[in-house]
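A quick write-up on the structure given underneath.
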């Protein structure tokens, strides 16, 4: 976050950037986790190396 903020000229506003991206990050994590659970438990997809 610090490097990206410095690149686009938002130096010193890292906290604001983190707060703005927290909710979308949580949304994507929950969505991908739910997709993984559906893949394993509903579709029966397993790790081919196991």
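Residue numbers (our numbering): 79 to 128.
Glycine included, C-beta positions come from ideal geometry on N, C-alpha and C.
What you are looking at is a predicted structure, and each value in this text was computed from that prediction instead of being measured.
Assignment of residue 107 by DSSP, reduced to helix, strand and coil, places it in the helix class. Residue 102 carries a helical assignment under DSSP once its states are collapsed to helix, strand and coil. For residue 81, the enclosing alpha helix (DSSP H) covers residues 80-85.
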